[in-house]
Every structure is written in C-alpha cells, then in structure tokens.
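Position one of the sequence shown corresponds to residue 1 (this note's numbering), numbered consecutively onward.
Heads up, the beta-carbon is just placed ideally off N, CA and C, and yes, glycines get one too.
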Amino acid sequence: MFSTSTQKKHWTFTGETQITQNKRDTNYKYVNKHGGANLDDETKEKKYLTFTEERILGRHFEHVLREFCNVFQPPMPKYVMGTAMCYFKRFYVKHSVMDYHPKDIMLTCVYLASKVEEFNVSITQFVGNLKGDRDKFTNIILSFELMLMKKLHYHLTVHNPYRPLEGLIIDLKTRYKSIEKSRIDKIRKLAEDFLDKSLASNVSLVFAPSQIALAAILSSAENDKVSLDSYMSDVLLAGAAPEDVKKTVYQIKRIRYMVSTQEPVQKDMVGPIQRKLEQCRNQENNPDSEIYKRKLQEMLDDEDEIQSQKRMKIEEEEKKAEQELVLGVI
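In structure tokens:
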C-alpha cells in the first residue's frame, strides 16, 4: 500500500520548491567538487552547466524517455513507462546530469522498470529498439543497472496512478448512475491522456497516486462538460470530515495546476547544452572515456582475482579432505 511504502516515506516531497532546492544543491555540490570551488560565478557558468541548463536537459530526456516507451516493440504498458519516469526523476533529484549523462540513465531506467514490472523483454530485444551501436548500448545499460538500483536505495516498487484510475472508473460505473457508461468510457480516455501528460511534471514526487488519478478523472469530466460534484460529495467523500474534504479539493487543484502549467521542452537549447556537457561531465562515469574503461577493467581484474582465490581455497579444502580420508582408511 502507498501509505506504508518507501515511495511515500523516502520519495514524496512537499512540493516543487523542495525539489528545486535539492536540484540546486546537487548542481552546487558537483561544481565545487570538480574544481569550481574557487572560481567566480561568471567562470563557473562558462565551464559548468547551470541549474537552468541541467533542468532543460533533464526535461528533454524525460520527453525522449516517453517517446521511446510509446514506440517500443512489443508495445509497452503505460505503468512501465510510469515506473521508468519515476526512477529517472528520483535519480536526478539527488544527482547532477554532469555526473551521469541522462541518456545513459534514461535507458537504464526503462530497462530496470521493465524487469521490475515483469514486462519480460531480453536485453537483446530491448536494444533492438535502438538505432546505433547496440552492443555499446547493452554494455552501458548492464554496467549502470546495479549502480542505479543502489542510488535508488533499492526502493524499486513504484505506485503508479494507472491502477487507482481503473478503480475510480469501476466505482463511477457501479455507484454513480447519473452518467451513461459510454460517457464514462470517454472520460477514461481523457483521464489516461491526463496521466500521460502528468508524467512530465513532478506530481509523482509530491502526491499520492490516488490523488493524481482523481485529479485526472475530475479534469477529464470537466473538459467533457460533465459535473462530478455530487459524486465527490455524496459518494466518494461521503461522511468525511470537512477538513479532509477541503484538503482533498486543495490537493486536486495543486495537481491540475502542476500538470497544466508545465514549461515546454526547449529543443533549440539542447544541442549547445549537450556540447557543453561533454566538456564538464564526470569522465569516470563516461563509458567512452579512457578513465572509465580503465576503472571498469580494474573492477573486472579484481573480480577475476577474487574468483581465482575462491577456486584455490576450494581446491585446497578438497585436497585436505582427500588426505584426511586416505589417512582414515589406513
């Protein structure tokens, strides 16, 4: 249940202000850690991505993530995309795009979400949906997968609003007879569109899935010129305390505002920002850099050494056991 989930406890923020401050802090820490501590503000802006540039690039790759999921073959369920987007947003609340390129993290988020949500596709099928060097994509995704899980603190269960939306639709059909079922089906389609649009906002980091689903229903009904006031007061919130009703209405308004006032993706700025990123990104996390390749090889060498030591230990124990057996027989 959401009320007892890690999502509510660890990944639900008070609002946009808190999320923005976390991202500003992340940008500040990266710049200072990677040589910018003693630089003046003008030099920092030229050498490193600003908070605004990070936000623009993040928004762009959120859009790319949604487009990738929408054209994925075999067709990908919406809740897989919702989980992938949650992973991506959570990751960049606490990490800079200069530390980990959003292209690499985006693909890893979608692949991890597919596994967690039991949308069973192999890594070969997955990269088959990508253009370019698929072996390279495979290596990137598999090498970043464990890191991503660790950075998310292994909080991999995501409560999406798609399931509560279905529950509300069923409730409307069974307990509210004032609307024809055909009209409700139209509201469902509009509500699904609302949820798809909501993925680009930060509502999943602020509100409960049931609240987002309810906002989708109410917004869609209003757009279809259907009033659900009596459903809210007489059915859904019947018997609720006035304070709870007032709080619910306020939260719904906040969700609708956040979804409807999203800033557009600034595509014309993405290219220059990405070129700037190549000059200031952490090369230790860049799969194309020599530092990364050397670091990866060292890890593989260490793993080989560990395995070799384990084999030697097993062989010694087997040899010792054989000697004891022979002595026992004699």
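- For residue 194, the enclosing alpha helix (DSSP H) covers residues 181-198.
- By the neighbour-count definition (other C-beta atoms within 10 Å, threshold 16), residue 58 is a buried residue.
- In terms of CA proximity to residue 20, 95 leads the group 42, 3, 95.
- For residue 256, the enclosing alpha helix (DSSP H) stretches over residues 242-260.
- Relative to residue 278, the option among 69, 103, 87, 79 whose CA is nearest is 103.
- Annotated as proximal: residue 27 and residue 54, with beta-carbon spacing under 8 Å.
- Per DSSP, the continuous alpha helix (DSSP H) segment holding residue 106 begins and ends at 102-116.
- Between the region 247-257 and the region 208-224, the count of C-beta pairs closer than 8 Å reaches three or more; the two stretches touch.
- In this structure, 109 is the residue among 3, 109, 244, 199 with its C-alpha nearest to the C-alpha of residue 150.
- Pairing residue 106 with residue 282 gives a Cβ-Cβ distance that is not under 8 Å.
- Boundaries of the alpha helix (DSSP H) around residue 210: 209-223.
- Fewer than three Cβ pairs drawn from the region 158-165 and the region 123-136 lie within less than 8 Å of each other, which leaves the two stretches out of contact.
- In terms of Cβ geometry, residue 170 and residue 287 do not form a close pair [threshold 8 Å].
- It is roughly 51 Å from the alpha-carbon of residue 274 to the alpha-carbon of residue 235.
- Secondary structure remark: continuous beta strand (DSSP E) runs of at least 3 residues inside the region 14-72: none found.
- DSSP places residue 238 in the coil class of the three-state scheme, outside both helix and strand.
- Secondary structure at residue 275: helix, using DSSP grouped into helix, strand and coil.
- For residue 266, there is no enclosing alpha helix (DSSP H), as DSSP marks it with neither H nor E.
- Taking the Cα positions, residue 192 is about 20 Å away from residue 264.
- Take residue 231, set aside five residues on each side of it, and the residues of its chain with a beta-carbon closer than 6 Å to its own are 176, in chain order.
- Judged by DSSP secondary structure, residue 9 falls within the alpha helix (DSSP H) whose first and last residues are 6-10.
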